[in-house]
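Trainee: Quick one: the structure is below, and I'll ask about it shortly.
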Amino acid sequence: MANRLKTIGKEKHGASTIAVIGLGRFGTALALELVKTGREVLGIDSDEKLVQANAEALTQVVQADSTDEAALRELGIPDYDSAVVAIGSDLEASILTASLLLQLGVPEVWAKATSVSHGRILQQLGVHHVIFPEMDMGKRVAHMVSGESLDYIQLDEDFVMAKTEVPESFNGKTLSDMKFRSNHGVTVVATRREGESYMPSFPETVLHTGDVMIVSGRTSQVEEFCRMGW
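Quick note on the numbering used here: the sequence shown kicks off at 3 and runs consecutively.
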């Protein structure tokens, strides 16, 4: 990474501040989505082309060496509410950057891991949140491709949420009739009829074949439940 600072940005307005370090595909997508939610986002990368590409979209973009403590202090990183290390290709830079953010006292440090061993090192450093975008997406797509669910999100080590269709055997029955928690170990969070929006679930909600429902619960129980419709 180059040892220089080159800043392009807009005036800040006092919203929650988040630094995204590494503006590859993941970092850029993350930063842009954060801007949409009203956050003040500082993007940092050593690649001038990536900095220029994000100049108009982000609150502030800086070409800098994120492994340089002096550079991070000059950017005011210790005053940010959160920081995300989205560096994927350079493991040394990822680890050094995460370590510096923790030393600087950033309240919430998130870091992208590209492998289990990389993630383990980040966890040992004390990173508050270690994420595995490629692995998580692989699991999600696998469940969709297998036909077991329409969508699948792992919320914790053994707790997931899935979107699945209502099978014919449930047609015309209410959630109260089905006793999903006692019979299947899952909770129906919401349902959606074709052409309509999702609605919160109530005991009197009537299910119809082809409706889509969102269920949550332990991984094995949700997976088993979703297979019932196929």
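Quick reminder that beta carbons are idealized off the backbone N, C-alpha and C, glycines included.
Using the Cα positions of E50 and K114, report the straight-line distance between them to the nearest angstrom.
Mentor: Their Cα atoms are separated by approximately 22 angstroms.
Trainee: Please give me, in chain order, every unbroken run of the beta strand (DSSP E) with length at least 3 that falls completely inside the stretch 160–203.
Mentor: Runs found: 161–167 and 188–194.
Trainee: Starting from S84, trace the beta strand (DSSP E) both ways and give me its first and last residue.
Mentor: Start and end: S84 to V87.
Trainee: Which residues in the same chain have their Cβ closer than 7 angstroms to the Cβ of L157, if we skip the five residues on either side of it in sequence?
Mentor: Cβ neighbours of L157 beyond the five flanking positions: M163.
Trainee: Hey, out of A57, V22 and M180, whose CA is closest to D67's CA?
Mentor: Cα-wise, what sits closest to D67 is V22.
Trainee: Can you check which of these residues, L209, V191 and V214, is closest to G197 by C-alpha distance?
Mentor: Measuring from the Cα of G197, the nearest candidate turns out to be V214.
Trainee: Go through its chain and collect everything with a Cβ distance to L127's Cβ below 8 angstroms, but skip five positions before and after it.
Mentor: Answer for L127: I97, A100, S101 and L104, listed in chain order.
Trainee: I need the straight-line Cα distance from S119 to F134, nearest angstrom please.
Mentor: Roughly 11 angstroms separates the two Cα atoms.
Trainee: Specify the secondary structure class of A72 as computed by DSSP and reduced to three states.
Mentor: It is helical.
Trainee: For G40, which three-state DSSP category applies?
Mentor: Three-state result, G40: coil.
Trainee: Based on the DSSP output, what are the partners of K114 in its beta bridges?
Mentor: K114 is bridged to I133.
Trainee: In this structure, does DSSP put L157 in helix, strand or coil?
Mentor: Reduced to three states, the DSSP call for L157 is strand.
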